[in-house]
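For what it's worth, the working numbering labels the leading residue of the sequence shown as 56, then goes sequentially. By construction, the Cβ of each residue, glycine as well, lies at the ideal position given by its N, Cα and C atoms. Treat the numbers as computed from the prediction; the structure is a model and nothing was measured.
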Amino acid sequence: MNLVLFGPPGAGKGTQSKKLEEYYGIPQISTGDMLRAARTAKTPLGLEAEKFMVAGKLVPDAVITGLMEERLKGKDCEGGFILDGFPRTISQAESLQGTLKGQKRRLDRVINIDVDEEELAKRLTGRRQCSQCNRGYHLRFAPPQKAGFCDRCGGALFQRDDDKEDTIRARLKVYRDQTQPLIDHYRHGGLLVTVKGEAPVEEVFDSIVKVLEKDGVNAKVSAS
Ligand code: ADP
Ligand code: ADP
Ligand code: ZN
56 MNLVLFGPPG AGKGTQSKKL EEYYGIPQIS TGDMLRAART AKTPLGLEAE KFMVAGKLVP
116 DAVITGLMEE RLKGKDCEGG FILDGFPRTI SQAESLQGTL KGQKRRLDRV INIDVDEEEL
176 AKRLTGRRQC SQCNRGYHLR FAPPQKAGFC DRCGGALFQR DDDKEDTIRA RLKVYRDQTQ
236 PLIDHYRHGG LLVTVKGEAP VEEVFDSIVK VLEKDGVNAK VSAS
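Okay, structure coming up:
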């Protein structure tokens with residue numbers, strides 16, 4: 056099963072794609088997590104991406120598409136994948152389609168998680184992430200048992216430098232201008248399903264699984 060989880064910053068893409076990864080046994084691929092790891096490691100990619108990320112802007116398409124083309128060759132992606140945060144522009148979507156076509160496969164579904172902007176801002180300002188295992192938390196909606204530390208691995212939680220008020224505003228505008236147009240792109244392609252993302256995490260998860268099961272989309276590899 057080849058999936059894209061789509062939605063604005065804070066919609067719950069990371070939260071839901073990690074749950075789907077566990078449920079279906081196919082990898083979650085988060086471009087945001089990959090770029091943050093590259094920044095921490097101070098690789099050339101990380102240093103290049105940093106200036107865009109701190110400003111809330113998109114990293115250039117050419118950088119991202121090269122990265123994803125390599126990632127999708129991974130053996131762990133042979134049985135399917137869940138994309139989180141990619142594609143984010145029409146050009147990225149076209150590149151993805153080309154990459155998959157070259158591998159004789161295609162996307163099965165694009166799940167659009169719909170959440171209104173006021174709720175997004177609350178989610179982003181309270182978001183925390185584990186520095187060791189990337190698990191996500193929220194100060195109010197999903198707090199860790201011990202403040203500041205991951206329930207699963209004990210790693211220190213951090214707040215992303217782009218989850219600050221000014222940068223959040225910039226990111227929401229970037230989403231509206233550059234990423235939202237993909238909704239029509241995938242709707243026309245017949246791949247898009249929208250789920251309401253304001254309910255509690257488990258309810259949103261159930262509605263995503265229901266959509267996938269209703270379609271008869273299963274965990275098998277999709278040939279084109
Ligand atoms: P969120 O899930 O909150 O929207 P991400 O972790 O997906 O944020 O992305 C964080 C930042 O990483 C983005 O603001 C952008 O700078 C960069 N980034 C992530 N994915 C992409 C992408 N597909 N194209 C361009 N930039 C990206
Ligand atoms: P995205 O990857 O789309 O940017 P995240 O999955 O990181 O979004 O979620 C953003 C924040 O909102 C996180 O702190 C997460 O714990 C919290 N969150 C995610 N889904 C929900 C939900 N359904 N209800 C309340 N809080 C949520
Ligand atoms: Zn952890």
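Beta-carbon proximity check, residue i vs residue j, cutoff 8 Å
i      : j      : result
Arg215 : Gln184 : yes
Phe61  : Asn167 : yes
Gly134 : Ile81  : yes
Val170 : Gly271 : no
Val118 : Glu103 : yes
Val256 : Val266 : no
Ser72  : Thr120 : no
Ile137 : Leu247 : no
Thr180 : Asp221 : no
Under the three-state DSSP convention, the category residue i falls into
i      : result
Leu90  : helix
Phe107 : helix
Leu60  : strand
Ala225 : helix
Ser72  : helix
Ala66  : coil
**Message:** Under 8 Å, with one C-beta from each stretch per pair, do the region 140-149 and the region 231-245 reach the 3-pair mark?
**Reply:** yes
**Asked** Which residue spans inside the region 110-178 form an unbroken beta strand (DSSP E) run of at least 3?
**Response** 136-139 and 164-169
**Asked** Which residues count as close to ligand 3 when the rule is a CB under 6 Å from any of its heavy atoms, in chain order?
**Response** Cys185, Gln187, Cys188, Arg190, Cys205, Arg207, Cys208 and Gly210
**Asked** Is there contact between the region 114-128 and the region 154-167, where contact requires at least three CB pairs shorter than 8 Å?
**Response** yes
**Message:** Using 8 Å as the cut-off, can you tell me whether the region 95-111 makes contact with the region 204-213, which would need three or more C-beta pairs spanning the two stretches below that distance?
**Reply:** no
**Asked** Unbroken alpha helix (DSSP H) runs of length 4 or more, entirely within the region 191-266: which are they?
**Response** 220-229 and 236-243
**Prompt:** Just checking, does the region 184-204 make contact with the region 227-237 on the three C-beta pairs under 8 Å criterion?
**Reply:** no
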